[in-house]
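Using the numbering used here, read the sequence shown as starting at 61 and increasing by one per residue.
Glycine included, each C-beta is placed from N, C-alpha and C at the ideal position.
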Amino acid sequence: MAARRFILSFLAICLFLPVAALSQTSDDDGTFYEVEALNPGLGEVPDGIDRETPQSTMESFLFFADNENWEAAAHLLDLTAWPEDEQAELGPKLARELHVVIDRKVVVNWHALPDRPDALNPQAPSESAMAGMPRKSLMIWIIDAGNRPVTINLNRIAVGGENPVWVFGQQSVQNIPQLYDLYGPSKLEQNIPEVLKGEAFWSLRWWEVIILPLAILFSIGVGVMSHRLMSRGMHRTLRDSGSSSFLVAFRAPVILAVVTGVMATLTQNLFVFSGRIDTLISPLVVIGFTVAACWALVNATDVVLDRLIPFDGGQLSTIGDGQERKRALATKIAAVRRAAIVVLVVFGVGLVLQEANLMQTLGFSMVASAGVLTLILAYAARDVLSNIMSSLQIAMNQSARIGDRVVYKDYICAVERINFTYVQLRTWTGKRLVVPVNEFVSETFENWTMQDPFLIREVKLQLAHDADVEVMRKHYNRILDVLQDELGPEEERGVYVTDHDVFSQTVTFLVPCPNPNQAWALSCEVRERLLAAAREVHSESNPIFPQATPAEAA
61 MAARRFILSF LAICLFLPVA ALSQTSDDDG TFYEVEALNP GLGEVPDGID RETPQSTMES
121 FLFFADNENW EAAAHLLDLT AWPEDEQAEL GPKLARELHV VIDRKVVVNW HALPDRPDAL
181 NPQAPSESAM AGMPRKSLMI WIIDAGNRPV TINLNRIAVG GENPVWVFGQ QSVQNIPQLY
241 DLYGPSKLEQ NIPEVLKGEA FWSLRWWEVI ILPLAILFSI GVGVMSHRLM SRGMHRTLRD
301 SGSSSFLVAF RAPVILAVVT GVMATLTQNL FVFSGRIDTL ISPLVVIGFT VAACWALVNA
361 TDVVLDRLIP FDGGQLSTIG DGQERKRALA TKIAAVRRAA IVVLVVFGVG LVLQEANLMQ
421 TLGFSMVASA GVLTLILAYA ARDVLSNIMS SLQIAMNQSA RIGDRVVYKD YICAVERINF
481 TYVQLRTWTG KRLVVPVNEF VSETFENWTM QDPFLIREVK LQLAHDADVE VMRKHYNRIL
541 DVLQDELGPE EERGVYVTDH DVFSQTVTFL VPCPNPNQAW ALSCEVRERL LAAAREVHSE
601 SNPIFPQATP AEAA
């Protein structure tokens, strides 16, 4: 049995070997591209060119480019798209233009360039589609070609029975003229003195070291002038203020857009900076325009909403016909606004990642997978996300609305704003309480304006055991008759002995209040008048207050 298994295994190996040998000279296994000839118009490949691995190809290209040996560098390009008789002339030109594009728009990630012929990545995670598999094409970078993004690729090509070599792919080479027209030296840059075109440090040129700070200062200066123009210019003598002013709403976004536009013009049109600088500037430009657009949209929406519906807690807290509906509507609209901002932020982040190619340009490829990135963002923003969800919860269940009168931790407050992460409460003294939304919804609080604004306040007095409660009841009714215009119906009145101890009895006087905004002040006034009446009764030799000393009471 063992001999039989050995024979079968040997036959299987013998059958597999020819197939394996055949696969190395074909494209069936996807390890290389086969062509009939590679750059025959360039002649023999010069000595010193190493095209065996992706890393050696890039090193050879940069070496010959630095030495301005464009004829040798052309052998590292796939010129199949051009006729053989044109390759000798176009090859060096395309190599020089490709070097300019790489220098200005690409940051070579040497760690991502394998130094092995099959370009297999031994460190790729097991769930990766190319884990443990050889590759015949490697993407070096993505560059915006104006109407679409294009890639710079290295392809593995084999001619006949020769060993495969790595060269810049045919499609990438075809895109070189268009990319050079976009990112080659501008007319202004061509007039820069040669001494400033020399290398300074960090692979930067001297003119970049000088012009970049000047461009930043000039952009900031234009932003300052724009702010002054939109604040005091246009024949205006006073600054616009208020949430209903479109000029105020658009001022900051316009200034940001102007600064970003000036910076983009200086660094991408008048001058084209090298890849190290462009890697940072390009994402910042996209971020600047995206933030400005979202900012302007949110501010414009706020202006329109402020003109249609007042969001001032003081105006919404008044009691009257339709105020209940206004408070509910204002709270729901504020929630919709917050949800829209979240959508805009998500859309803006996606746009920035797409347009600026942030994941590649900043080297985030190790954490760019959706799972890892989601976990990192969720952990970092867990408190913020919790508060945002809590604010939406308030809007949906209407437990507290803008303008409501609430008692939160013994503070009598009006709800002024329900923001993303905090609730802004205004106390009766004018102080503002800033409470995290998550904490606000987890605490028990009184809402005096929910459902029905009518409420009953309690005024408690400590009276002696032998005090005549009926006498105080008469004074109570007289006081409420005087304040009848500000109080609720008479049937809601009441005087009750609600507690007692060894020193006194607790008498509770009910104050019906139709307006929760005046309830606290009314109860204070009733207490003051009741105490005055009690003192009057006490002065008539009818003891009404407890006779206990402070020490006994303690």
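Residue Gln607 holds the alpha-carbon nearest to the alpha-carbon of Leu523 among Lys196, Gln607 and Pro174. With three or more CB-CB distances shorter than 8 Å, the region 508 to 521 counts as touching the region 573 to 589.
In this structure, the alpha-carbon of Arg311 lies about 10 Å from that of Ser305. Using a Cβ distance threshold of 7 Å, Asn498 and Ser450 count as a contacting pair. Residue burial annotation: His560 is exposed, with fewer than 16 other C-beta atoms found within 10 angstroms of its C-beta.
Counting other Cβ atoms within 10 Å of its Cβ, Glu157 reaches 16 or more and is therefore classed as buried. Beta-bridge pairing by DSSP links Asn213 to Met199.
Note on the region 470 to 505: whole alpha helix (DSSP H) runs with a minimum of 4 residues are 497 to 502, in chain order. DSSP, read as helix, strand or coil, puts Leu248 in helix.
With a contact defined as Cβ atoms closer than 8 Å, Ser286 and Val314 qualify at about 7 Å. Contact between Gly283 and Val227 does not hold, since the beta-carbon distance rounds to 46 Å and is not under 8 Å. Rounded to whole angstroms, the separation of the alpha carbons of Thr325 and Val345 is 10 Å. Fully enclosed alpha helix (DSSP H) runs of no fewer than 4 residues occupy 114 to 126 and 130 to 133 of the region 96 to 140, in order along the chain. Taking the Cα of Ala172 as reference, the smallest distance to any Cα among Arg164, Arg195 and Gly206 is reached at Arg195. Cβ contact annotation for Pro100 (same chain, cutoff 8 Å, sequence separation greater than five): Glu144 and Gln147, in chain order.
Scanning Asn447, Val467, Val529 and Asp175 for the CA closest to the CA of Trp580 turns up Val467.
When DSSP states are grouped into helix, strand and coil, Val466 belongs to the strand group. Exposed is the label assigned to Asp175, since fewer than 16 other Cβ atoms lie within 10 Å of its Cβ. Here Thr91 carries a coil assignment [DSSP, helix/strand/coil]. Between Val364 and Arg164, the gap from beta carbon to beta carbon reaches 7 Å or more.
Pairwise C-beta distances place the region 491 to 511 out of contact with the region 537 to 550, as fewer than three of them are shorter than 8 Å. For Thr509, there is no enclosing alpha helix (DSSP H), as DSSP marks it with neither H nor E. Trp170: not part of any alpha helix (DSSP H); DSSP gives it neither H nor E. Pairing Thr566 with Phe505, the inter-Cα distance amounts to about 25 Å. Residue pairing by DSSP places Leu515 opposite Cys573 in a beta bridge. The shortest C-alpha to C-alpha distance from Met456 to any of Ile393, Thr489, Arg288 and Arg486 is the one to Ile393.
Counting other Cβ atoms within 10 Å of its Cβ, Ser599 stays below 16 and is therefore classed as exposed. Exposed is the label assigned to Asn169, since fewer than 16 other Cβ atoms lie within 10 Å of its Cβ.
Exclusion of the five residues before and after Phe92 leaves Lys196, Arg216, Ile217, Ala218 and Pro224 as the residues of its chain whose Cβ lies within less than 7 Å of its Cβ. Rounded to whole angstroms, the separation of the alpha carbons of Ser446 and Phe605 is 52 Å.
Around Ile212, the same chain offers Ile200, Trp201 and Ser232 as residues with beta carbons nearer than 6 Å, after the five sequence neighbours per side are excluded. A Cβ-Cβ distance of about 6 Å is found for the pair Gly151 and Leu102, placing them in contact under the 8 Å criterion. Taken through DSSP and simplified to helix, strand or coil, Gln565 comes out as strand. The region 546 to 553 makes contact with the region 567 to 579, as at least three CB pairs between them are under 8 Å.
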